[in-house]
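**Student:** Dropping the structure in here first, questions after.
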Amino acid sequence: MCGIFGVRNTPDAVTLTKLGLYSLQHRGQESAGVVAVEANGHARSVRSMGLVSDMSTTQLDGLHGTMAIGHTRYSTTGSSSIENAQPVLASSRGGHIALAHNGNLTNAGELRVELEELGSIFASSMDSEVVVHRLARSTAQRPEDRLADALAGVEGAYSIVTILGDTLLAARDPRGWRPLAMGRLNGARVFGSETCALDIVGATYERDLEPGEIIAVDDDGERSIFPFERKELKRCVFEHVYFARPDSRIFGGSVDRARRELGRRLARECPAPSAELVFSVPDSSNSAAIGYAEESGLPYELALIRNHYVGRTFIQPTQATRDAKVRLKYNAVREVLEGKRVVMVDDSIVRGTTTRGLVSLVRGAGAAEVHMRVSSAPVTGPCYYGIDTPSREELIAANHTLEEIRASLGVDSLGYLSLDGMLESVPGGPGGFCHACFSGDYPTPPPTDPDKLRYGCGC
Ligand code: AMP
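Under numbering that gives the first Met the number 0, the first residue of the sequence shown is numbered 0, with each subsequent residue one higher.
Structure, rendered in structure tokens:
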């Protein structure tokens, strides 16, 4: 997954982009980058592995311009390298091209082979680079038409910000898989994956990009086009469940409200009659646990403390480091847990590693009963559209019954929210959401070679 940000028409473009990226850090911690276009028309980039704060201040201080885009990246382990850091910056006969992408293109493999047969040489293993090559080949005059050319026939998920010459463009795929918000800051146009990126720079949120929309911003003003065939809406429900920040609005609704409702519905579907208190696995399930507590009438307690200087567990490459990282990341509050029958709410169980580690922490701190409640349906399939879920074999719910999962996690009871309950709880639901990783209902044919996608995933 990734975070993207773009701004045009302000002398503070680089600073604002850096700030925007800080607020999108949760969407990717593998690499970060900024491309800015200077007054003389030169485009320059700073990219580095790691966090936004790991980008060289000296290099960023040397970056100037009134237009910039930025990216935070989070992909699978195989492709974690500086060549795959974004924004991509290239020069073409039509001027420079800079691009930052969030999502996964499901036919990138085929498109790449086509381009290679035409002589293209790729500098990275990212799916996003396919779009850059197609931009370079387009002979359309208007920048928005060049982007429409480049994206024609591209399948899968994309929210994109791109710079073509002097124009800033933003685009969202016709199914609207990934969020992309637009706002205004005085005379400047601002785009960000989530509204929290607009808030941090003081921009006013205006609206989301529509699915299938391309917006171009340059000295001639702003133009919006819808060049693609209309497709069924498939916004990613996992953005509401886990990925986005609760202080954001995505897909026209509040993430906090969505998560609270998921928690309330979970309490109705899966009560825990013997429990005395509820706590969350911080931070992504805080709002859902509050919803569960409100609905069940149980007190909400802080029983797990998260170390904020450790990244998301999932990103660790091997199982051994993942296990160790649960303890590195969380500790239990004995005074809250000792002798208590507790409900532990998490937003999702993927491999089960985190839950297993947490249950042993919670029991070690003296909990008498542990009732695990999950504010999403069981994850039974990989995501091909940008969420970094592992292969089916590694997904605990793909291969085990509820009772087997309960026993393997070591909890007294286990309850997942139903698929319908999940879809009915999110704003704008139940229709119009992609729930493939929960239901197996994939909106596009899965990539012919999913492993290839893993090496090449944009984010
Ligand atoms: P696991 O240990 O594999 O079951 O991971 C479940 C935990 O990881 C939960 O606490 C989730 O909040 C979190 N999680 C779920 N999906 C992802 C993801 N794609 N990337 C990172 N963390 C995730």
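From the three backbone atoms N, C-alpha and C, an ideal C-beta is built for every residue, glycine too.
For Gly27, which residues of its own chain have a beta-carbon under 7 angstroms away from its beta-carbon, when the five flanking residues on both sides are left out?
**Tutor:** Met0, Cys1, Gly2, Thr71, Arg72, Tyr73 and Cys458
**Student:** State the DSSP-derived secondary structure class of Arg460, mapped to helix, strand or coil.
**Tutor:** Residue 460 is absent from the model: the chain starts at 0 and stops at 458.
**Student:** The ligand AMP and Arg259: does any heavy atom of the ligand fall closer than 7 angstroms to the residue's C-beta?
**Tutor:** no
**Student:** Should Ile348 be listed as close to the ligand AMP, given that the test is whether its C-beta is under 7 angstroms from any heavy atom?
**Tutor:** yes
**Student:** Check whether the Cβ of Ile213 sits closer than 7 angstroms to any heavy atom of the ligand AMP, and report yes or no.
**Tutor:** no
**Student:** Taking 7 angstroms as the limit between beta carbons, can you name the residues of its chain near Arg206, skipping five residues before and five after?
**Tutor:** Met181
**Student:** My assumption, with CB atoms under 8 angstroms, is that Val475 sits in contact with Ser374. Please give the rounded CB distance.
**Tutor:** Residue 475 falls outside the range modelled here, since the chain spans only 0 to 458, and no answer is possible.
**Student:** Determine the direct distance from the alpha carbon of Ser90 to that of Ala31, and round the result to whole angstroms.
**Tutor:** 21 angstroms
**Student:** Does the stretch 376-384 touch the stretch 433-441, meaning 3 or more C-beta pairs lie closer than 8 angstroms?
**Tutor:** yes
**Student:** At the level of alpha carbons, what is the spacing between Ser10 and Leu416?
**Tutor:** The sequence as given places Pro at residue 10; Ser does not occur at that position. If I take the Cα positions, the gap works out to 48 angstroms.
**Student:** Suppose contacts are defined by Cβ-Cβ distances below 8 angstroms. Is Pro178 in contact with Ala243 by that definition?
**Tutor:** yes
**Student:** Can you give the beta carbon distance from Val130 to Thr166, rounded, assuming they're within the 8 angstroms contact cut?
**Tutor:** About 15 angstroms separates the two Cβ atoms, so there is no contact after all.
**Student:** How is Ile348 classed by DSSP in three states: helix, strand or coil?
**Tutor:** coil
**Student:** Locate the beta strand (DSSP E) running through Gly428, then write down its first and last residues.
**Tutor:** Segment: none, Gly428 is in no beta strand (DSSP E) and carries neither H nor E.
**Student:** Rounded to a whole number of angstroms, what is the C-alpha to C-alpha distance between Asp419 and Val87?
**Tutor:** 40 angstroms
**Student:** Output the boundary residues of the beta strand (DSSP E) element that contains Cys1.
**Tutor:** Cys1 to Arg7
**Student:** The beta strand (DSSP E) with Met371 in it runs from where to where?
**Tutor:** Glu368 to Val373
**Student:** Starting from Thr138, trace the alpha helix (DSSP H) in both directions and tell me its first and last residue.
**Tutor:** Neither: Thr138 is in no alpha helix (DSSP H) and is coded neither H nor E.
**Student:** Hey, how far is the Cα of Val236 from the Cα of Gly252?
**Tutor:** 12 angstroms
**Student:** DSSP three-state label for Asp207, please.
**Tutor:** strand
**Student:** CA-CA distance, Arg234 and Gly338?
**Tutor:** 43 angstroms
**Student:** Let me check understanding here. Comparing Cα to Cα, which of Glu29, Val33, Phe121 and Glu115 lies closest to Ser80?
**Tutor:** Glu29
**Student:** Comparing alpha-carbon positions, which option in Ser283, Glu238 and Glu228 lies nearest Leu422?
**Tutor:** Among Ser283, Glu238 and Glu228, the Cα nearest to that of Leu422 is on Glu238.
**Student:** By the three-class DSSP mapping on this structure, what secondary structure does Ser359 have?
**Tutor:** helix
**Student:** For Pro281, which residues in the same chain have their Cβ closer than 7 angstroms to its Cβ, ignoring the five residues on either side in sequence?
**Tutor:** If we look at Pro281 and ignore the five residues flanking it on each side, its Cβ neighbours are Leu303 and Arg305.
**Student:** By the three-class DSSP mapping on this structure, what secondary structure does Ile487 have?
**Tutor:** In the structure as shown, the chain starts at 0 and stops at 458, and residue 487 therefore has no counterpart that could be examined.
**Student:** Hey, quick one: how far does the beta strand (DSSP E) through Tyr329 stretch, first residue to last?
**Tutor:** Run containing Tyr329: Tyr329 to Ala331, per the beta strand (DSSP E) assignment.
**Student:** With a threshold of 8 angstroms on Cβ separation, who are the neighbours of Gly439 within its own chain once the five nearest residues in sequence on each side are excluded?
**Tutor:** Thr379 and Gly380
**Student:** Look at the alpha carbon of Leu150 and the alpha carbon of Ile199, and state the distance between them as a whole number of angstroms.
**Tutor:** Straight across, the Cα-Cα distance linking Leu150 with Ile199 is about 30 angstroms.
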